[in-house]
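In UniProt numbering, the protein residues as written are 1 to 345.
All C-beta atoms in this analysis are idealised placements derived from N, C-alpha and C, irrespective of residue type, glycine included.
Take a look at the structure set out below.
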């Protein structure tokens, strides 16, 4: 039987931490053969300067080699590249781990950082943290700088009386609610911190940044996806005579499915599942027999997407669409029967 005992004594000198003394005591066989070993270890500085942005902000490399931004009054004063940072002056740290291009190799990113108010970095980080809680796929480090840069531009526009048009405002609010709520939070925090009046139109642009960081959708893709969703939901309401409630869980699940479904069509991607097309076709035939209305609606959607956008819907995609339509029709109230068939949008 044996045991180990370690005791460390730390001290700081000129911004560098040293492990002053380490005692290792090994005792075995009832106290016999006791050994004492003393080691003096010099550790790397916890943070090394990559780029001084200004007197109050520095890009650093952490001990793990990851990039980060540290801010604080005077934290950048007198520092040199490769040297240590006075950690007593650090007020906030923003991780840049996961950036596609290291900041030290990106002149544009360095210029953006040098111009950004540190408070906007704080707001952007907080908004991303809130959004990430609802969006597991959100890569916050990839969007911190673009989002903070957008907020800097929004602040400049607000101070000079310029406004952006409300791009996709209603569509994002309905079809990307978590991202849009994060945008509204950003607008509120900037207004409170800087005593300006950003409009809610800015929330849509913040949402677009978050959507891109979450699933890679570019604004043009988002525009097309939301437009197709609007047309498909209108077709469903007309064909199945439903009154869809945007606040209901069944509607939100249906919209989530449509977003992934239409994104795959836009990108010409296949459904990533093990169901073969032949098996999907057999199941669709069963649905046609047992639920003819649902099958007919799914087929109308398929033909509409083909005729309008040249989107080819695979059998497996049609199967999953029919399943979601079945769930939707079970919970959504229906309209009285009409004497005429509604026309597709």
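- In the structure shown, the three-state DSSP call for residue 89 is helix.
- The residue from 78, 183, 53 and 84 with its alpha-carbon nearest to that of residue 62 is 84.
- Assigned with DSSP and collapsed to three states, residue 73 falls in coil, not helix or strand.
- Per the coordinates, the alpha-carbon of residue 187 lies some 21 Å from the alpha-carbon of residue 222.
- Contact between residue 305 and residue 295 fails: their C-beta atoms lie close to 16 Å from each other, not under 8 Å.
- In this structure, residue 110 keeps its C-beta atom at 8 Å or more from the C-beta atom of residue 158.
- For residue 125, the number of other beta carbons within 10 angstroms of its own is at least 16, and it is reported as buried.
- Here the C-alpha atom of residue 121 lies approximately 30 Å from the C-alpha atom of residue 226.
- In this structure, residue 265 lies away from residue 316, with their beta-carbon atoms at least 8 Å apart.
- Here residue 180 is near residue 207, since their CB atoms are less than 8 Å apart.
- In summary, residue 74 is exposed, with fewer than 16 beta-carbon neighbours lying within 10 Å of its beta-carbon over all protein chains present.
- Comparing alpha-carbon positions, the option among 103, 60 and 310 lying closest to residue 228 turns out to be 310.
- Partner residues in the beta bridge of residue 94, as assigned by DSSP, are 69.
- Taking a cut-off of 8 Å for Cβ pairs, the segment 126 to 141 and the segment 88 to 100 touch, as three or more such pairs fall below it.
- The Cβ atoms of residue 123 and residue 151 sit closer than 8 Å to each other.
- In this structure, the CA atom of residue 319 is about 26 Å from the CA atom of residue 137.
- Rounded to the nearest whole angstrom, the C-alpha separation of residue 241 and residue 153 is 46 Å.
- Per DSSP, residue 230 lies in no beta strand (DSSP E); the unbroken alpha helix (DSSP H) holding it starts and ends at 219 to 240.
- For residue 175, the number of other beta carbons within 10 angstroms of its own is at least 16, and it is reported as buried.
- At least 8 Å separates the beta-carbon of residue 91 from that of residue 65.
- In this structure, residue 60 keeps its C-beta atom at 8 Å or more from the C-beta atom of residue 81.
- In the DSSP secondary-structure assignment, residue 54 is bridged to 57.
- In the structure shown, the three-state DSSP call for residue 125 is helix.
- If you draw a straight line from the Cα of residue 302 to the Cα of residue 313, it is about 6 Å long.
- In the displayed model, residue 48 falls within a strand according to three-state DSSP.
- For residue 214 and residue 204, the gap between their C-alpha atoms comes out near 15 Å.
- Apart from the 5 residues on each side of it in sequence, residue 127 sits with its Cβ closer than 6 Å to the Cβ of 182, 185 and 186 in its chain, given in chain order.
- The alpha carbon of residue 77 has as its nearest neighbour, out of 67, 102 and 51, the alpha carbon of 51.
- Take residue 297, set aside five residues on each side of it, and the residues of its chain with a beta-carbon closer than 7 Å to its own are 236, 239, 240 and 325, in chain order.
- Secondary structure at residue 289: helix, using DSSP grouped into helix, strand and coil.
- Per the C-alpha coordinates, the member of 119, 251, 165 and 216 positioned closest to residue 234 is 251.
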